[in-house]
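*Asks:*
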Amino acid sequence: MYTWHWEQIPQYFPLIGAATLRTLQISVVSIVLGSLLGALAGLMRVQPVRPIRFLAAAYVELLRNIPLMLVLYLIYFGLGAFFPVSPFWAAVVGLSVFEGAYVAEIARAGIESVDRGQMEAARSLGMSWLQSMRHVIVPQAVRRSLPPLTGQFVSLVKDSSLASLVSYEELMLVGRQINSRIFSPFEVFLTIGAIYFALCLTLSLLSRWQEARLARP
Amino acid sequence: MRTPALLAISLVLLSGCGGPSQSATRPSTLDRILSTKVLRVGMNPGYAPFEMVDTDGNLIGFDVDVAHYLAGQMGNGVRVEVQKSDWDPIIANLNAGKFDLIISGMTRTPQRALRCEFTDPYFETGQALLVNRAKWKPSARLTVRDFDQPGVIVATKLGTTGEIAARKAFQKATIKTMETESDAALEVDAGRADVMVYDKPYIAIRAQESPQRTFAILEPFTKEYLAIAVRKGDTELRDWLNLTIFELKTSGTWDSLYQTWFVRMPWLERVKRPTS
Numbered sequence: 114m115y116t117w118h119w120e121q122i123p124q125y126f127p128l129i130g131a132a133t134l135r136t137l138q139i140s141v142v143s144i145v146l147g148s149l150l151g152a153l154a155g156l157m158r159v160q161p162v163r164p165i166r167f168l169a170a171a172y173v174e175l176l177r178n179i180p181l182m183l184v185l186y187l188i189y190f191g192l193g194a195f196f197p198v199s200p201f202w203a204a205v206v207g208l209s210v211f212e213g214a215y216v217a218e219i220a221r222a223g224i225e226s227v228d229r230g231q232m233e234a235a236r237s238l239g240m241s242w243l244q245s246m247r248h249v250i251v252p253q254a255v256r257r258s259l260p261p262l263t264g265q266f267v268s269l270v271k272d273s274s275l276a277s278l279v280s281y282e283e284l285m286l287v288g289r290q291i292n293s294r295i296f297s298p299f300e301v302f303l304t305i306g307a308i309y310f311a312l313c314l315t316l317s318l319l320s321r322w323q324e325a326r327l328a329r330p
Numbered sequence: 012m013r014t015p016a017l018l019a020i021s022l023v024l025l026s027g028c029g030g031p032s033q034s035a036t037r038p039s040t041l042d043r044i045l046s047t048k049v050l051r052v053g054m055n056p057g058y059a060p061f062e063m064v065d066t067d068g069n070l071i072g073f074d075v076d077v078a079h080y081l082a083g084q085m086g087n088g089v090r091v092e093v094q095k096s097d098w099d100p101i102i103a104n105l106n107a108g109k110f111d112l113i114i115s116g117m118t119r120t121p122q123r124a125l126r127c128e129f130t131d132p133y134f135e136t137g138q139a140l141l142v143n144r145a146k147w148k149p150s151a152r153l154t155v156r157d158f159d160q161p162g163v164i165v166a167t168k169l170g171t172t173g174e175i176a177a178r179k180a181f182q183k184a185t186i187k188t189m190e191t192e193s194d195a196a197l198e199v200d201a202g203r204a205d206v207m208v209y210d211k212p213y214i215a216i217r218a219q220e221s222p223q224r225t226f227a228i229l230e231p232f233t234k235e236y237l238a239i240a241v242r243k244g245d246t247e248l249r250d251w252l253n254l255t256i257f258e259l260k261t262s263g264t265w266d267s268l269y270q271t272w273f274v275r276m277p278w279l280e281r282v283k284r285p286t287s
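Going down the list, the sequences are from chains A and B. Per this note's numbering, the first sequence runs over residues 114 to 330. Per this note's numbering, the second sequence runs over residues 12 to 287.
Structural data, given as structure tokens:
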């Protein structure tokens with residue numbers, strides 16, 4: 114029989130609160146950096162110069178075909194052997210580089226979903242490739258990419274739990290530390306799970322609201 | 012696959028209640044070990060020299076030898092079957108019946124004893140320190156208290172008595188919990204932590220391996236007793252283990268095991284080691 118010990122949890126609220134903030138912190142920073150990196154790589158994949166296209170494709174394929182845990186280990190333990198890497202930066206760089214590869218694919222799909230004729234029309238009006246991208250293609254692509262991007266951001270918040278493996282004290286690691294003290298896995302991990310759920314649901318709702326706003330003419 | 016599994020389950024159920032020699036209660040774990048001739052031991056490898064993987068992939072170590080000694084004392088051709096487990100769920104796995112007992116360098120603590128039962132200790136040890144040489148100068152006067160300062164980073168392994176001892180001993184220093192003991196030692200090696208708190212035998216070996224970058228303070232600042240864990244209510248098995256541990260210690264076997272794993276250490280060549 115499992116004996117519940119919910120009364121053990123409240124004493125750890127300050128620790129859990131601080132850990133939630135740290136999860137938010139690496140998630141937000143990685144979402145911003147990962148999006149920038151992904152947008153850049155996505156654009157590189159559709160622009161006309163072949164070597165640059167190849168470079169971006171190599172980045173995307175490499176990162177999409179190895180586990181995130183391995184990326185984090187390479188950065189923290191691997192690069193960490195040559196110069197100091199803090200758990201925070203290992204987590205942020207790992208998450209950003211990893212998520213950037215997925216965002217790049219979403220960005221590319223968004224851009225390619227805009228009818229080719231629009232680029233040709235813009236070019237024939239005398240716009241440069243960059244101008245056509247900026248004023249005609251990208252605004253439409255962004256709107257179409259929002260739903261898959263949201264899914265990606267939600268994944269990133271959940272993936273941030275892997276930062277526990279490089280000793281960054283986010284929610285998951287603090288949950289495991291608490292569990293190793295009170296041995297109540299259900300109580301601890303259900304609490305942690307509820308926080309992840311709330312964070313991710315909020316993110317989904319926010320972006321749905323943003324989608325509706327952008328969809329207005 | 013379904014039929015044999017069902018068959019096996021019903022056979023187990025039948026043998027549990029039908030046999031004339033069986034009492035009305037469930038057969039004890041000790042009876043089950045003797046009748047199946049398999050002693051299932053839970054271990055968390057990576058804790059040299061108690062349980063570790065050699066270059067051929069075999070599990071070796073002090074605890075592995077203790078397990079074989081126990082099986083030998085049971086006789087009847089009982090053999091050891093080691094089940095690997097992660098560290099933080101190892102007691103949960105014991106209670107879920109994945110193995111019969113835990114021999115994994117486990118310190119007995121009152122908190123753990125709420126979840127399982129412990130035998131008498133088979134090994135006495137304590138927490139020691141592995142220190143980064145670039146940050147601290149070796150000195151006979153250096154003690155655990157000197158490291159409790161703001162800015163000092165203390166590495167240890169998540170969920171171990173090392174973590175408990177570190178949290179007790181350090182109020183001002185920052186504690187960093189790592190996945191494995193070798194990750195924690197690597198933190199000190201690479202200078203990402205000042206000091207590592209962990210069991211004395213492990214610290215002694217790590218300091219020998221990396222003498223240029225680390226040194227050890229081996230005088231233990233806690234006393235700890237390693238014991239075998241069994242499920243709650245397995246008193247018959249526990250009593251038998253207590254008696255056999257007494258035999259192990261008094262028959263000279265313990266001393267020869269200690270010589271092999273902690274003094275002469277011929278196993279060092281059989282184990283994968285990072286060159287440092």
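Where is the CB? At the ideal position from N, CA and C, for every residue including glycine.
Determine, using beta-carbon pairs with one atom in the region 211-221 of chain A and one in the region 140-148 of chain A, whether at least three such pairs fall under 8 Å.
*Replies:* Touching, yes.
*Asks:* How long is the line joining the alpha carbons of B:A215 and A:F167, rounded to whole angstroms?
*Replies:* By one-based count along the second sequence, residue 215 of chain B stands at place 204. By one-based count along the first sequence, residue 167 of chain A stands at place 54. One C-alpha to the other measures close to 51 Å.
*Asks:* Can you tell me whether B:A35 is helix, strand or coil according to DSSP?
*Replies:* Your numbering for residue 35 of chain B matches position 24 in the second sequence. With a pLDDT of 49 at B:A35, under the threshold of 50, the predicted position of this residue should be treated as unreliable, though the coordinate-derived value follows. It is coil, neither helix nor strand.
*Asks:* List, in chain order, every chain A residue whose beta-carbon is nearer than 7 Å to that of B:R126.
*Replies:* Taking the second sequence and counting its residues from 1, one reaches residue 126 of chain B at position 115. Chain A residues near B:R126: F296.
*Asks:* Within this structure, are the beta carbons of A:T304 and A:I122 separated by less than 8 Å?
*Replies:* Here the question's residue 304 of chain A lines up with position 191 in the first sequence. Here the question's residue 122 of chain A lines up with position 9 in the first sequence. Result yes, Cβ atoms of A:T304 and A:I122 sit closer than 8 Å.
*Asks:* Going along chain B in order, which residues have a C-beta closer than 9 Å to the C-beta of A:N178?
*Replies:* Here residue 178 of chain A refers to the residue found at position 65 of the first sequence. The premise fails here: A:N178 is roughly 24 Å from chain B at the closest Cβ pair, so nothing lies under 9 Å.
*Asks:* Kindly give me the distance between the Cβ atoms of B:D99 and A:S293, rounded to whole angstroms, as I take these residues to be in contact under 8 Å.
*Replies:* Here residue 99 of chain B refers to the residue found at position 88 when the second sequence is read from its first residue. Here residue 293 of chain A refers to the residue found at position 180 when the first sequence is read from its first residue. 6 Å between Cβ atoms; contact.
*Asks:* Would B:K183 and B:E174 be called neighbours here (beta carbons separated by less than 8 Å)?
*Replies:* Residue mapping note: residue 183 of chain B aligns to position 172 of the second sequence, counting from 1. Residue mapping note: residue 174 of chain B aligns to position 163 of the second sequence, counting from 1. No, these two residues do not count as a Cβ contact at 8 Å.
*Asks:* Am I right that B:F129 and B:A238 are in contact with their C-beta atoms under 8 Å? What's the rounded C-beta distance?
*Replies:* Within the second sequence, the letter at position 118 stands for residue 129 of chain B. Within the second sequence, the letter at position 227 stands for residue 238 of chain B. Contact holds; Cβ gap of about 4 Å.
*Asks:* Label A:A132 either buried or exposed according to how many other C-beta atoms from any shown protein chain fall within 10 Å of its C-beta, with 16 as the threshold for buried.
*Replies:* Position 19 of the first sequence, counting from 1, holds the residue named residue 132 of chain A. Classification of A:A132: buried, given that the 10 Å Cβ count is 16 or more.
*Asks:* For a cutoff of 8 Å on Cβ pairs, would you count A:Q323 as touching chain B?
*Replies:* Walking along the first sequence from the start, residue 323 of chain A turns up at place 210. No, A:Q323 lies away from the interface with chain B (no Cβ there is under 8 Å from its Cβ).
*Asks:* Indicate whether A:S97 and A:L192 have their beta-carbon atoms separated by less than 8 Å.
*Replies:* Since the first residue of chain A shown is 114 and the last is 330, residue 97 of chain A is not available in this structure.
*Asks:* Using the beta-carbon count (16 or more within 10 Å), is B:S267 buried or exposed?
*Replies:* Your numbering for residue 267 of chain B matches position 256 in the second sequence. B:S267 is exposed by the Cβ-count criterion.
*Asks:* Give me the Cα-Cα distance between B:R51 and B:G68, rounded to the nearest whole angstrom.
*Replies:* As a position in the second sequence, residue 51 of chain B is number 40, starting the count at 1. As a position in the second sequence, residue 68 of chain B is number 57, starting the count at 1. If I take the Cα positions, the gap works out to 19 Å.
*Asks:* Quick check: is the beta carbon of A:G191 nearer than 8 Å to any beta carbon in chain B?
*Replies:* As a first step, residue 191 of chain A must be located in the first sequence, where it is residue number 78. No, A:G191 lies away from the interface with chain B (no Cβ there is under 8 Å from its Cβ).
*Asks:* Hey, is the region 243-250 of chain B in contact with the region 75-89 of chain B, meaning 3+ C-beta pairs nearer than 8 Å?
*Replies:* No, the region 243-250 of chain B does not touch the region 75-89 of chain B.
*Asks:* Between A:I291 and B:L125, what straight-line distance do the alpha-carbon atoms span, to the nearest angstrom?
*Replies:* By 1-based counting over the first sequence, the position of residue 291 of chain A is 178. By 1-based counting over the second sequence, the position of residue 125 of chain B is 114. Taking the straight line from one Cα to the other gives about 16 Å.
*Asks:* Closest by CA to A:F310, which one among A:S274, A:I295, A:R326?
*Replies:* Here residue 310 of chain A corresponds to residue number 197 of the first sequence, with the count starting at 1. Closest option to A:F310, Cα to Cα, is A:S274.
*Asks:* Using the DSSP secondary-structure output, state which residues sit across from B:K260 in a beta bridge.
*Replies:* For the purposes of this step, residue 260 of chain B is taken as the residue at position 249 of the second sequence. Partner(s): none; B:K260 has no beta bridge.
*Asks:* Check the Cβ-Cβ distances between B:G137 and every residue of chain A, and say whether any is below 8 Å.
*Replies:* Position 126 of the second sequence, counting from 1, holds the residue named residue 137 of chain B. Answer no: the Cβ-Cβ gap between B:G137 and chain A never drops below 8 Å.
*Asks:* Could you give the distance in angstroms between the alpha-carbon of B:K48 and the alpha-carbon of B:D97?
*Replies:* Taking the second sequence and counting its residues from 1, the one referred to as residue 48 of chain B is at position 37. Taking the second sequence and counting its residues from 1, the one referred to as residue 97 of chain B is at position 86. Roughly 25 Å between the two C-alpha positions.
*Asks:* Please list, in chain order, all residues of the same chain as A:E212 whose beta carbon is under 6 Å from its beta carbon, the five residues on each side excluded.
*Replies:* Locating residue 212 of chain A in the first sequence gives position 99, counting from the first residue. Excluding sequence neighbours, A:E212 sits near G147, L269.
*Asks:* Given the structure, does A:N178 come close to the ligand FAD, in the sense that its CB is under 7 Å from one of the ligand's heavy atoms?
*Replies:* You won't find the ligand FAD in this model; it holds no ligand whatsoever.
*Asks:* What in chain A is Cβ-close to B:A293, meaning under 7 Å?
*Replies:* Nothing in the structure corresponds to residue 293 of chain B, since chain B is present only between 12 and 287.
*Asks:* Say whether the region 127-141 of chain B touches the region 252-264 of chain B, bearing in mind that this needs 3 or more beta-carbon pairs closer than 8 Å, one atom from each stretch.
*Replies:* Output reads yes: the region 252-264 of chain B touches the region 127-141 of chain B.
*Asks:* Quick check on the DSSP output: the alpha helix (DSSP H) that includes B:D74 runs from which residue to which?
*Replies:* Counted from its first residue, the second sequence places residue 74 of chain B at position 63. Counting along the chain, the alpha helix (DSSP H) containing B:D74 begins and ends at 73-85.
*Asks:* Determine the burial state of B:K187: buried for a count of at least 16 other Cβ atoms within 10 Å of its Cβ, exposed for fewer.
*Replies:* Working through the second sequence from its first residue, we reach residue 187 of chain B at position 176. By the neighbour-count rule (16 or more Cβ atoms within 10 Å), B:K187 is buried.
*Asks:* Strictly under 8 Å for the Cβ-Cβ distance: is B:A103 near chain A by that measure?
*Replies:* Your numbering for residue 103 of chain B matches position 92 in the second sequence. B:A103 counts as touching chain A.
*Asks:* Using three-state DSSP, classify A:I250 as helix, strand or coil.
*Replies:* Residue numbering aside, residue 250 of chain A sits at position 137 when the first sequence is read from its first letter. Residue state, collapsed to three classes: helix.
*Asks:* Using CA atoms only, rank isn't needed, just tell me which of B:R152, B:V241, B:F273 is closest to B:S39.
*Replies:* Within the second sequence, residue 39 of chain B is the residue found at index 28, counting from 1. Ranking the options by Cα distance to B:S39, first place goes to B:V241.
*Asks:* Let me check understanding here. Comparing Cα to Cα, which of A:L183, A:H118, A:G130, A:W117 lies closest to A:A307?
*Replies:* For the purposes of this step, residue 307 of chain A is taken as the residue at position 194 of the first sequence. Checking every option, the nearest Cα to that of A:A307 belongs to A:G130.
*Asks:* Using Cβ-Cβ distances below 7 Å, what residues of the region 133-164 of chain A are close to chain B?
*Replies:* Within the region 133-164 of chain A, no residue has a Cβ that lies closer than 7 Å to any Cβ of chain B.
*Asks:* Find the residues of chain A that neighbour B:M189, judging by a C-beta separation of less than 8 Å, and give them in chain order.
*Replies:* For the purposes of this step, residue 189 of chain B is identified with residue 178 of the second sequence, where counting begins at 1. The contacting residues are S280.
*Asks:* Per the contact definition of three or more C-beta pairs closer than 8 Å, is the region 153-167 of chain B in contact with the region 156-165 of chain A?
*Replies:* As far as the Cβ criterion goes, the region 156-165 of chain A does not touch the region 153-167 of chain B, which means the pair count is below three.
*Asks:* Against B:E174, what residues of chain C qualify as contacts under a CB-to-CB distance less than 9 Å, listed in chain order?
*Replies:* The chain labelled as chain C is not found among the protein chains of the depicted structure, namely A and B.
*Asks:* Rounding to the nearest angstrom, what Cα-Cα distance links B:L45 and B:M85 in this structure?
*Replies:* One-based indexing of the second sequence puts residue 45 of chain B at position 34. One-based indexing of the second sequence puts residue 85 of chain B at position 74. Approximately 8 Å between the Cα atoms of the pair.
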